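For the sequence shown, the numbering used here gives the first residue as 50, with consecutive numbering after it.
Cβ atoms here follow ideal geometry from the backbone N, Cα and C, with glycine treated the same way.
In this text the structure is predicted, and so the values were computed from the model without any measurement.
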Amino acid sequence: MIDNAEIGGTVLYDDGDHQFIWLGADGRNSEGLVQTMQYLIIDKGRGVLLDPGGVHLFSRVVAAVSRFISIDNIDTIFFSHQDPDVSSGIALWLGITKAKIYIANLWIRFIPHFGIIDSKRILPIEGAGKALRLESGANLVFVPSHYMHSPAAYSLYDDKARILFSGDIGAAALPQGEETLFVEDFSGHIKYIEGFHKRLIASNSVAKRWVENARRLKPAMIAPQHGAVYKEASVDAFLDWLSKLSCGIDELDSLYRM
(Lines of atoms letter the chains of each structure in order from A and count residues from 1; the text may use other names and numbers.)
(Lines give C-alpha, C1' and ligand atoms only; values in the text may rest on other atoms or scores of the structure.)
Protein backbone atom coordinates (compact mmCIF):
# COMPACT_ATOMS: atom_id res chain seq x y z
CA MET A 1 0.00 0.00 0.00
CA ILE A 2 1.21 3.54 -0.75
CA ASP A 3 2.04 5.23 2.54
CA ASN A 4 1.75 8.89 3.46
CA ALA A 5 5.46 9.54 2.81
CA GLU A 6 4.95 8.66 -0.84
CA ILE A 7 1.86 10.79 -1.49
CA GLY A 8 3.92 13.88 -2.30
CA GLY A 9 6.28 12.05 -4.61
CA THR A 10 9.16 9.57 -4.82
CA VAL A 11 12.43 9.95 -6.72
CA LEU A 12 12.83 6.95 -9.03
CA TYR A 13 16.22 8.01 -10.44
CA ASP A 14 18.80 10.61 -9.40
CA ASP A 15 22.38 11.06 -10.60
CA GLY A 16 22.79 14.61 -9.32
CA ASP A 17 22.12 16.34 -12.65
CA HIS A 18 19.07 14.37 -13.70
CA GLN A 19 16.06 13.10 -11.74
CA PHE A 20 12.94 11.15 -12.67
CA ILE A 21 10.22 11.63 -10.07
CA TRP A 22 6.87 9.96 -9.43
CA LEU A 23 4.64 12.79 -8.20
CA GLY A 24 2.24 10.63 -6.26
CA ALA A 25 -1.22 9.30 -6.98
CA ASP A 26 -4.44 11.20 -6.53
CA GLY A 27 -6.94 9.79 -4.09
CA ARG A 28 -10.25 8.73 -5.58
CA ASN A 29 -13.36 10.38 -4.26
CA SER A 30 -17.06 9.64 -4.12
CA GLU A 31 -17.43 10.55 -7.78
CA GLY A 32 -15.40 7.46 -8.71
CA LEU A 33 -12.69 9.28 -10.67
CA VAL A 34 -9.98 6.98 -12.05
CA GLN A 35 -6.72 7.08 -10.10
CA THR A 36 -3.96 8.77 -12.08
CA MET A 37 -0.23 9.30 -11.58
CA GLN A 38 1.97 12.12 -12.81
CA TYR A 39 5.74 12.31 -13.32
CA LEU A 40 8.40 15.02 -13.36
CA ILE A 41 11.84 14.97 -14.96
CA ILE A 42 14.36 17.51 -13.67
CA ASP A 43 17.46 18.03 -15.79
CA LYS A 44 20.08 20.58 -14.72
CA GLY A 45 17.40 22.40 -12.76
CA ARG A 46 14.85 22.55 -15.59
CA GLY A 47 11.59 20.61 -15.50
CA VAL A 48 9.64 18.35 -17.85
CA LEU A 49 6.11 17.35 -16.79
CA LEU A 50 4.56 14.13 -18.08
CA ASP A 51 0.76 13.90 -18.41
CA PRO A 52 0.04 16.43 -15.63
CA GLY A 53 -3.66 15.58 -15.63
CA GLY A 54 -7.07 17.15 -15.55
CA VAL A 55 -8.45 20.32 -14.03
CA HIS A 56 -9.47 18.68 -10.75
CA LEU A 57 -5.85 17.52 -10.16
CA PHE A 58 -4.19 20.83 -10.90
CA SER A 59 -3.69 22.11 -7.36
CA ARG A 60 -2.39 18.76 -6.10
CA VAL A 61 0.10 18.41 -8.96
CA VAL A 62 1.31 22.00 -8.55
CA ALA A 63 1.93 21.31 -4.86
CA ALA A 64 3.77 18.05 -5.64
CA VAL A 65 5.94 19.67 -8.32
CA SER A 66 6.78 22.56 -6.01
CA ARG A 67 8.38 20.15 -3.53
CA PHE A 68 11.09 19.47 -6.10
CA ILE A 69 11.36 22.50 -8.43
CA SER A 70 9.99 26.01 -8.92
CA ILE A 71 7.01 26.09 -11.26
CA ASP A 72 8.88 28.85 -13.13
CA ASN A 73 11.48 26.23 -14.16
CA ILE A 74 9.02 23.99 -15.99
CA ASP A 75 10.08 24.27 -19.65
CA THR A 76 8.32 21.32 -21.25
CA ILE A 77 5.04 19.43 -20.83
CA PHE A 78 4.46 16.14 -22.62
CA PHE A 79 1.01 14.72 -23.28
CA SER A 80 0.93 11.06 -24.31
CA HIS A 81 -2.53 11.49 -25.85
CA GLN A 82 -5.69 13.58 -25.68
CA ASP A 83 -7.81 12.04 -22.91
CA PRO A 84 -9.15 14.60 -20.39
CA ASP A 85 -7.52 12.80 -17.43
CA VAL A 86 -4.22 13.52 -19.22
CA SER A 87 -4.65 16.95 -20.73
CA SER A 88 -7.77 18.86 -19.64
CA GLY A 89 -5.68 21.01 -17.28
CA ILE A 90 -3.60 22.33 -20.19
CA ALA A 91 -4.96 25.89 -20.06
CA LEU A 92 -4.06 26.15 -16.38
CA TRP A 93 -0.51 24.91 -17.02
CA LEU A 94 -0.05 27.33 -19.92
CA GLY A 95 -1.23 30.07 -17.58
CA ILE A 96 1.35 29.50 -14.83
CA THR A 97 4.35 28.35 -16.90
CA LYS A 98 6.17 29.34 -20.08
CA ALA A 99 6.40 25.68 -21.08
CA LYS A 100 6.17 24.29 -24.57
CA ILE A 101 3.57 21.54 -24.93
CA TYR A 102 4.26 18.41 -26.98
CA ILE A 103 1.37 16.25 -28.19
CA ALA A 104 0.56 14.24 -31.32
CA ASN A 105 -0.34 16.52 -34.22
CA LEU A 106 -3.77 14.90 -34.64
CA TRP A 107 -4.94 16.33 -31.30
CA ILE A 108 -3.74 19.93 -31.64
CA ARG A 109 -7.02 21.04 -33.26
CA PHE A 110 -9.01 19.45 -30.41
CA ILE A 111 -7.00 20.92 -27.52
CA PRO A 112 -8.63 24.42 -27.79
CA HIS A 113 -11.84 22.79 -26.50
CA PHE A 114 -10.11 22.74 -23.09
CA GLY A 115 -10.24 26.56 -23.06
CA ILE A 116 -7.04 27.55 -24.89
CA ILE A 117 -7.11 30.71 -26.96
CA ASP A 118 -3.43 30.99 -27.98
CA SER A 119 -1.98 27.68 -29.16
CA LYS A 120 1.45 28.94 -30.31
CA ARG A 121 3.22 26.99 -27.56
CA ILE A 122 1.57 23.69 -28.52
CA LEU A 123 3.91 21.74 -30.78
CA PRO A 124 3.35 18.52 -32.75
CA ILE A 125 5.54 15.63 -31.67
CA GLU A 126 5.93 14.60 -35.30
CA GLY A 127 7.71 17.89 -36.03
CA ALA A 128 10.07 17.68 -33.07
CA GLY A 129 12.21 14.82 -34.38
CA LYS A 130 12.68 11.48 -32.67
CA ALA A 131 13.75 12.88 -29.28
CA LEU A 132 14.20 15.97 -27.13
CA ARG A 133 17.83 16.53 -26.11
CA LEU A 134 18.26 17.90 -22.58
CA GLU A 135 21.16 19.93 -21.20
CA SER A 136 22.72 17.00 -19.32
CA GLY A 137 22.88 14.99 -22.56
CA ALA A 138 19.82 12.91 -21.72
CA ASN A 139 17.42 12.15 -24.56
CA LEU A 140 13.66 11.94 -24.18
CA VAL A 141 12.74 9.56 -26.98
CA PHE A 142 9.26 9.69 -28.54
CA VAL A 143 8.02 6.09 -28.79
CA PRO A 144 5.03 5.59 -31.15
CA SER A 145 2.09 4.09 -29.25
CA HIS A 146 -0.65 4.57 -31.82
CA TYR A 147 -3.89 2.62 -31.27
CA MET A 148 -2.82 1.80 -27.70
CA HIS A 149 -5.50 3.00 -27.08
CA SER A 150 -5.54 6.38 -28.82
CA PRO A 151 -5.11 6.48 -32.62
CA ALA A 152 -2.35 9.05 -32.11
CA ALA A 153 -0.28 8.49 -28.98
CA TYR A 154 3.32 8.40 -27.80
CA SER A 155 5.25 6.96 -24.90
CA LEU A 156 8.39 8.77 -23.72
CA TYR A 157 11.70 7.07 -22.89
CA ASP A 158 14.25 8.80 -20.67
CA ASP A 159 17.52 7.22 -21.79
CA LYS A 160 19.51 8.47 -18.80
CA ALA A 161 17.07 7.23 -16.15
CA ARG A 162 16.20 4.22 -18.34
CA ILE A 163 12.53 4.77 -17.53
CA LEU A 164 9.82 4.38 -20.16
CA PHE A 165 6.78 6.53 -19.42
CA SER A 166 4.08 4.50 -21.13
CA GLY A 167 0.90 6.56 -20.68
CA ASP A 168 -2.07 4.18 -20.59
CA ILE A 169 0.01 1.14 -21.61
CA GLY A 170 0.46 -1.00 -18.52
CA ALA A 171 -2.32 0.86 -16.73
CA ALA A 172 -3.99 -0.92 -13.82
CA ALA A 173 -7.26 -0.36 -12.00
CA LEU A 174 -6.16 -1.15 -8.45
CA PRO A 175 -8.77 -1.55 -5.71
CA GLN A 176 -9.03 1.46 -3.42
CA GLY A 177 -6.76 1.02 -0.44
CA GLU A 178 -4.54 -1.50 -2.25
CA GLU A 179 -2.51 0.95 -4.37
CA THR A 180 1.24 0.30 -4.48
CA LEU A 181 4.08 2.24 -6.08
CA PHE A 182 5.69 -0.82 -7.69
CA VAL A 183 4.31 -4.05 -9.14
CA GLU A 184 5.62 -6.67 -6.70
CA ASP A 185 3.90 -9.77 -8.11
CA PHE A 186 3.11 -9.59 -11.82
CA SER A 187 1.02 -12.77 -11.92
CA GLY A 188 -1.22 -11.29 -9.24
CA HIS A 189 -1.28 -7.95 -11.06
CA ILE A 190 -2.72 -9.33 -14.32
CA LYS A 191 -6.30 -9.23 -13.06
CA TYR A 192 -5.98 -5.45 -12.65
CA ILE A 193 -4.68 -4.81 -16.20
CA GLU A 194 -6.26 -7.47 -18.39
CA GLY A 195 -9.72 -5.99 -18.96
CA PHE A 196 -8.44 -2.56 -19.92
CA HIS A 197 -5.80 -3.86 -22.33
CA LYS A 198 -8.05 -6.45 -23.98
CA ARG A 199 -10.77 -3.90 -24.67
CA LEU A 200 -8.83 -0.74 -25.54
CA ILE A 201 -5.69 -1.83 -27.41
CA ALA A 202 -6.56 -2.15 -31.10
CA SER A 203 -5.03 -5.58 -31.77
CA ASN A 204 -2.24 -7.94 -30.86
CA SER A 205 -0.25 -6.81 -33.91
CA VAL A 206 -0.19 -3.27 -32.49
CA ALA A 207 0.81 -4.55 -29.04
CA LYS A 208 3.64 -6.62 -30.52
CA ARG A 209 5.00 -3.63 -32.43
CA TRP A 210 5.13 -1.51 -29.28
CA VAL A 211 6.76 -4.33 -27.30
CA GLU A 212 9.45 -4.70 -29.97
CA ASN A 213 10.30 -1.02 -29.66
CA ALA A 214 10.25 -1.18 -25.87
CA ARG A 215 12.61 -4.15 -25.81
CA ARG A 216 15.10 -2.28 -28.01
CA LEU A 217 15.19 0.48 -25.40
CA LYS A 218 15.82 -1.98 -22.52
CA PRO A 219 14.04 0.07 -19.83
CA ALA A 220 14.83 -0.51 -16.18
CA MET A 221 11.28 0.65 -15.36
CA ILE A 222 8.00 1.13 -17.18
CA ALA A 223 5.94 3.90 -15.61
CA PRO A 224 2.24 4.04 -16.63
CA GLN A 225 -0.24 6.81 -15.94
CA HIS A 226 -2.47 4.56 -13.81
CA GLY A 227 -1.73 1.75 -11.37
CA ALA A 228 1.85 0.90 -10.43
CA VAL A 229 5.38 1.10 -11.84
CA TYR A 230 7.00 -1.99 -13.36
CA LYS A 231 10.62 -2.62 -12.42
CA GLU A 232 13.12 -5.48 -12.42
CA ALA A 233 11.46 -8.82 -13.28
CA SER A 234 8.03 -7.25 -13.75
CA VAL A 235 9.26 -5.28 -16.80
CA ASP A 236 10.01 -8.41 -18.82
CA ALA A 237 6.96 -10.19 -17.42
CA PHE A 238 4.69 -7.37 -18.56
CA LEU A 239 6.27 -7.18 -22.03
CA ASP A 240 5.98 -10.95 -22.46
CA TRP A 241 2.32 -10.87 -21.42
CA LEU A 242 1.44 -7.91 -23.65
CA SER A 243 3.15 -9.38 -26.73
CA LYS A 244 0.87 -12.43 -26.52
CA LEU A 245 -2.37 -10.67 -25.60
CA SER A 246 -5.45 -11.15 -27.77
CA CYS A 247 -7.11 -7.74 -27.72
CA GLY A 248 -9.24 -5.20 -29.59
CA ILE A 249 -10.37 -6.45 -32.98
CA ASP A 250 -8.95 -9.89 -32.14
CA GLU A 251 -11.85 -10.12 -29.70
CA LEU A 252 -14.63 -9.02 -32.08
CA ASP A 253 -16.45 -12.35 -31.97
CA SER A 254 -16.91 -12.13 -28.22
CA LEU A 255 -17.69 -8.40 -28.23
CA TYR A 256 -20.40 -8.62 -30.90
CA ARG A 257 -22.02 -11.84 -29.75
CA MET A 258 -25.79 -11.37 -29.16
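Query                                                                                                                                                        : Result
Report buried or exposed for LYS374, applying the criterion of at least 16 other Cβ atoms within 10 angstroms of its Cβ.                                     : Nothing can be reported for residue 374: it is not among the residues displayed for the chain, which extend from 50 to 307.
If you follow the alpha helix (DSSP H) that TYR151 is in, where does it begin and where does it stop?                                                        : Unbroken run through TYR151 is the beta strand (DSSP E), 149-152; no alpha helix (DSSP H).
Have a look at ARG258 and ASP217 and give me their C-alpha separation to the nearest angstrom.                                                               : 16 Å
Check each candidate in MET270, VAL255 and ALA286 and name the one with the smallest Cα separation from ASP299.                                              : VAL255
Could you pull out every residue in the same chain whose Cβ sits closer than 8 Å to the Cβ of ILE239, ignoring the five residues on either side in sequence? : TRP290
How big is the Cα-Cα spacing for VAL284 and ARG264?                                                                                                          : 10 Å
So, with DSSP's three-state summary, where would you put LYS280?                                                                                             : strand
Residue range of the beta strand (DSSP E) that ILE212 falls in?                                                                                              : 212-216
Just the C-alpha distance for VAL60 and TRP71, rounded to the nearest angstrom, thanks.                                                                      : 6 Å
Within 10 angstroms of the Cβ of ALA202, are there 16 or more other Cβ atoms? Answer buried if so, exposed if not.                                           : buried
According to DSSP, what are the bridge partners of HIS67?                                                                                                    : ASP92
Report all residues from its chain with a CB closer than 6 Å to the CB of ASP124; omit the five preceding and five following residues, and keep chain order. : ARG95 and ALA148
Under 8 Å Cβ to Cβ from SER303, same chain only, skipping five residues before and after it: list those, please.                                             : none
For TYR88 and PRO200, what's the separation of their Cα atoms in angstroms?                                                                                  : 23 Å
Hey, is the stretch 269-276 in contact with the stretch 219-226, meaning 3+ C-beta pairs nearer than 8 Å?                                                    : yes
By DSSP, does LEU294 sit in helix, in strand, or in coil?                                                                                                    : coil
Between the stretch 164-175 and the stretch 138-155, do three or more beta carbon pairs fall short of 8 Å?                                                   : yes
By DSSP, does ILE166 sit in helix, in strand, or in coil?                                                                                                    : coil
By a C-beta neighbour count over all protein chains shown, 10 Å radius and 16 as the cutoff for buried, is GLN225 buried or exposed?                         : exposed
Which runs of the alpha helix (DSSP H) at least 4 residues long sit entirely within the stretch 94-120? Give them in chain order.                            : 107-115
Where PHE163 and ASP75 are concerned, what is the direct C-alpha to C-alpha distance, given to the nearest angstrom?                                         : 21 Å
So what does DSSP say about ALA201, is it helix, strand or coil?                                                                                             : coil
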